[in-house]
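What follows is a short report on a single structure.
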Amino acid sequence: GTIQSKHNGACLTSKAELEVWAGPLSDGSQAVVLLNRGNFGSETITVKWSDIGFPVDHSAVVRDLWARKDLGTFTGSYTSPKIDHHAVMMLKITLM
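In terms of our numbering, the sequence shown opens at residue 477 and continues consecutively.
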């Protein structure tokens, strides 16, 4: 889907130098960017369904948009693999 113009993406959580950005897509899914703003090291980042407006007890398919592959089905949240400093991961999260 495409990002709906009436809904802008927003920084949903920022913990230390780890950020979760998200915005709704026209098909009801969410585009999510996980950003490690740190100056060194690698960290995992978690996006919670409650942060993106999805019910916490529902399952969703998580797709890595840059790798062009589905990462699996998750319930309540998704935790990334380690993301290098100054790097990002872009996801599409779709409720089942």
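Ideal Cβ placement from N, Cα and C applies to all residues, glycine included. Being a predicted model, the structure only gives us computed values, none of them experimental.
Alpha-carbon spacing of residue i relative to residue j, whole angstroms
i             : j             : result
threonine 551 : aspartate 533 : 6 Å
glycine 548   : serine 535    : 10 Å
Residues of its chain near residue i, where Cβ-Cβ distance is below 7 Å and the 5 sequence neighbours each way are ignored
i              : result
alanine 563    : Asn512
asparagine 515 : His561
glycine 517    : His561
Cβ-based neighbour list, residue i, same chain, cut-off 8 Å, excluding 5 preceding and 5 following
i          : result
serine 481 : The predicted position of serine 481 is uncertain, since its pLDDT is 38 and thus under 50; a value taken from the coordinates is nonetheless stated next. Answer for serine 481: no residue qualifies.
Own chain, CB closer than 6 Å to residue i, minus 5 neighbours either side, in chain order
i              : result
lysine 545     : none
arginine 539   : Asp546 and Lys568
methionine 565 : Leu510, Ser556 and Ile559
serine 526     : Val532
Assumed close pair residue i, residue j - CB separation to whole angstroms, cut-off 8 Å
i            : j             : result
cysteine 487 : glutamate 493 : Not a contact, Cβ separation roughly 12 Å.
leucine 510  : serine 556    : 5 Å
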